[in-house]
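Heads up: the first sequence is residues 0 to 586, going by numbering that gives the first Met the number 0.
Data first, discussion second: the structure below is written as structure tokens.
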Amino acid sequence: MINQEIAHILNNISEYLAMEDIEFKPRAYEKAAVNIEALNESVFDIYKSGGIKALEEIPAVGYGIAKKIEEYIKTGKIKEYEQLKKKTPVDLEKLTSVHGIGPKSILRFYKELGVKNIEDLEKAAKDKKIRQLEGFGFKSEENILMALKFFKNSSSRFPLGYVLYDLRNIEQRIKKLSGVKNTLLSGSVRRMKEDVGDADMLVAVSSKKDAKKIMDYFIHMSEVAHIYNKGETKSSVKLKNYINFDIRVVDENSFGAASQYFTGSKDHNIELRKIAIKKGLKLNEYGIFQIKNQKSKIKNSAKAEEEIYNKLGLKWIEPELRENKGEIQAALRQAQGKPDGLPKLIGYNDLRGDLQMHSKWSDGMNTIEEMANEALKTGKEYILITDHFRPIFSNKLNSQTVVKQWQEIDKLNSKFKIQNSKFRILKGCEVDIMDNGELYLEDEILKKFDVVCASIHSNFKMQKGKMTERIIKAMKNPNVDIICHPTGRLIGARPAYKLDIEKIVQTAKETGTILEINAYFNRLDLKDDYIRMAKNAGVKLAISSDAHSISHFQYLELGIAQARRGWAEKKDIINAWPIDKMLKTLK
DNA sequence: GCCGTTTTCGGCCCGACTGTTTTCAGTCG
């Protein structure tokens with residue numbers, strides 16, 4: 000939690016400095032906050048291990064911010080921040096999350112109207128006070144009231160799987176409009192980030208007239224709840240599912256450059272532009288330009304993204320990697336023919352099987368046969384049935400009745416054989432790891448499954464050391480092949496349990512236990528950084544749907560995306576392998 | 001405040017849209 004607290008304070012300091020029109024510092028604090036929030040280790044532990052020097056190892060953290068972190072660890076406060084708060088005592092976090100309101104406006108509202116929080120802001124707007132301020136008017140006031148209406152009933156980020164399919168539906172309709180040359184869902188959606196704050200779509204056209212037609216269509220779609228702004232090339236709306244959706248219409252000759260630009264991430268793009276500057280080039284959403292002098296620019300707009308990367312001396316980079324986490328350096332090494340280039344990411348069609356799903360035997364909606372047929376339809380070669388045994392999930396399945404489930408599976412497998420199909424159903428279970436690390440089923444039974452998955456479904460709030468030991472004990476059991484959703488987090492709903500993830504990864508390596516990438520849209524557990532950590536440690540992973548119905552198989556795509564964001568290759572993912580090789584790898 | 005294949009000092013990514021202005025500041029991504 001201390002990382003979040005410090006990131007929060009640094010973000011607020013950034014806003015306070017921006018209020019005062021101070022240059023560059025706000026961005027410095029903001030960058031530090033982002034990096035601290037993304038750390039896997041607590042700053043407290045980092046400080047304990049190496050003091051100020053160790054803190055300065057964090058990217059974007061220098062001596063100044065390291066000193067402030069030290070001050071927070073020692074005293075629980077940062078003096079400079081306390082002074083800033085005292086000087087302008089406003090609820091920064093909430094006020095800045097109102098669309099269209101930034102630090103400059105907040106400062107003026109505070110100074111001139113005494114606005115300290117959302118309630119004050121709403122009152123000021125309703126009392127027609129905003130329009131009296133110089134530089135503001137009736138429209139600004141109306142926009143604030145509208146933004147507040149949405150602010151109240153929307154959460155800021157959504158799991159990707161919650162919005163992805165709606166967005167694709169809209170994209171497909173726009174693709175079919177006349178005059179549309181190309182479309183692309185860009186931004187964090189294209190990077191397949193596990194959660195998205197807003198969505199971006201790019202449309203290529205060849206005439207202004209077509210651009211206008213598309214804009215008209217976009218803002219009048221039935222999904223639109225509110226229009227933030229509309230222009231000739233750029234518009235922004237809120238959809239009824241509460242996500243903000245931006246559209247950008249560009250000339251088809253700039254589509255490549257625009258795809259690159261709008262895919263981001265912001266930090267990835269900033270790095271690229273720095274490289275461009277060093278090469279005497281200028282990169283923006285319209286292309287990559289030669290700068291001969293300040294006034295004469297030779298347009299050299301890029302049709303394909305690849306051109307841009309190549310002109311910068313880099314290999315093209317997969318969207319899922321574009322987070323400025325070393326991919327640019329890797330792309331440079333690869334372009335120069337050096338080792339340690341970009342990973343050859345697992346592909347979206349590379350999964351041969353699925354290693355976690357539930358049937359009507361426990362809490363699933365479909366029969367084993369229905370699950371098998373659906374998997375077969377989507378091109379899989381094998382599935383593993385992993386029903387629960389504990390009575391809270393199922394009162395049908397126990398160590399006696401499981402024999403019947405196995406008979407059912409045998410029968411189905413014979414049927415596939417007769418049909419000359421190589422498809423195979425494997426016998427498995429998702430067994431609970433109890434508080435003391437023992438498993439819910441006895442080893443005598445566990446031995447008989449083809450594959451045993453183990454996971455935690457109870458007592459999430461154990462201490463870090465105890466929770467780590469609990470899982471490690473399960474991994475040491477020679478019958479346990481896979482640990483499912485290893486951290487237990489639910490995106491936007493429940494944090495991961497306290498866990499020494501490095502120890503878990505290390506033990507997985509030592510015991511030959513597979514770690515799962517659970518593909519269910521609000522789990523995606525392991526997350527990208529942990530996947531990369533596991534891969535680097537030589538731990539093998541499985542991407543599993545955890546399907547409770549045939550419609551859930553579609554989420555495998557999200558699991559693959561997460562694996563790609565963790566730099567995983569085919570050789571890291573056991574269910575991308577043929578069944579025999581996969582089974583041989585298991586304990 | 002951070003950072004270094006040009007640097008320990010002097011840079012710091014870039015453009016669209018809005019609302020209020022008659023040329024621009026603020027916000028967003």
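Glycine included, each C-beta is placed from N, C-alpha and C at the ideal position.
Since we're looking at a predicted model, the values are computed, not measured.
Considering only residues of the same chain and omitting the five flanking positions on each side of residue 174, which have a CB-CB separation below 7 angstroms?
182
Would residue 247 pass as a contact of residue 199 if the rule is Cβ separation under 8 angstroms?
yes
Below 7 angstroms CB to CB, which residues in the same chain sit around residue 294 once its five sequence neighbours on both sides are set aside?
For residue 294, the predicted structure reports a pLDDT of 43, less than 50, and the residue's modelled location is therefore unreliable. A value from the coordinates is still provided. If we look at residue 294 and ignore the five residues flanking it on each side, it has no Cβ neighbours.
Provide the residue(s) that pair with residue 541 in DSSP beta bridges, ordered along the chain.
515
Measuring CA to CA, which of 36, 259, 428 and 522 is closest to residue 10?
36
On the premise that residue 311 lies in contact with residue 275, defined as a C-beta separation below 8 angstroms, what is that separation, rounded to the nearest angstrom?
Indeed they touch by this definition, with Cβ atoms about 6 angstroms apart.
Coil, strand or helix - residue 294 by DSSP
For residue 294, the predicted model reports a pLDDT of 43, less than 50, meaning its position is unreliable; a value from the coordinates is still stated below. Judged by DSSP in its simplified three-state form, residue 294 adopts coil rather than helix or strand.
Roughly how many whole angstroms lie between the Cα atoms of residue 32 and residue 5?
So the alpha carbons of these two residues sit roughly 7 angstroms apart.
Exposed or buried, which one is residue 404 when buried takes at least 16 other CB atoms within 10 Å?
buried
Is it true that the CB of residue 307 sits closer than 8 angstroms to the CB of residue 282?
yes
Ends of the alpha helix (DSSP H) at residue 214?
207–218
What are the partner residues of residue 158, as DSSP defines its beta bridges?
194
Per DSSP, the bridge partner or partners of residue 288:
281
Where residue 429 falls, given that 16 or more other Cβ within 10 Å makes a residue buried
buried
For residue 257 and residue 206, the rounded distance between their alpha carbons
16 angstroms
Looking at the structure shown, is residue 263 part of a helix, part of a strand, or coil, going by DSSP?
coil
DSSP three-state assignment for residue 398, whether helix, strand or coil:
coil
Does the contact criterion of 3 or more C-beta pairs under 8 angstroms hold for the stretch 557–573 versus the stretch 529–545?
yes
Grouping DSSP H, G and I as helix and E and B as strand, with all else coil, what is residue 11?
helix
Whole alpha helix (DSSP H) elements within the stretch 328–371, 4-residue minimum:
none
For residue 182, three-class secondary structure by DSSP:
strand
Which value, in whole angstroms, describes the spacing of the CA atoms of residue 580 and residue 62?
51 angstroms
Taking three-plus beta-carbon pairs below 8 angstroms as touching, is the stretch 433–443 in contact with the stretch 462–480?
yes
Exposed or buried, residue 292, counting other C-beta atoms within 10 Å across all chains shown (16 or more means buried)?
Legend: pLDDT at residue 292 = 46, less than 50; position of this residue unreliable, no value from coordinates given.
Considering only residues of the same chain and omitting the five flanking positions on each side of residue 364, which have a CB-CB separation below 7 angstroms?
547 and 548
Would you say the stretch 560–569 touches the stretch 341–355, given that touching needs at least three Cβ pairs under 8 angstroms?
yes
When the Cα atoms are used, what is the spatial distance from residue 362 to residue 391?
Spanning the two alpha carbons is a distance of roughly 9 angstroms.
What is the DSSP secondary structure of residue 109, reduced to helix, strand or coil?
helix
Determine, using beta-carbon pairs with one atom in the stretch 115–125 and one in the stretch 134–151, whether at least three such pairs fall under 8 angstroms.
yes
Please report the straight-line C-alpha distance between residue 296 and residue 86, rounded to a whole angstrom.
Residue placement at residue 296 is poorly supported in this model, since its pLDDT is 47, which falls under 50; the coordinates are not used for a value here.
I need the boundaries of the alpha helix (DSSP H) containing residue 434, first residue and last residue.
It is not in any alpha helix (DSSP H) - residue 434 carries neither H nor E in the DSSP assignment.
Could you work out which residue in 420, 480, 252 and 466 is closest to residue 448 when comparing CA atoms only?
The option with the nearest alpha carbon to residue 448 is 480.
Taking only the alpha-carbon atoms, compute the straight-line gap between residue 209 and residue 223 and give it to the nearest angstrom.
21 angstroms
Thinking just about the alpha-carbon of each residue, which of 525, 427, 464 and 79 is nearest to the one in residue 453?
427
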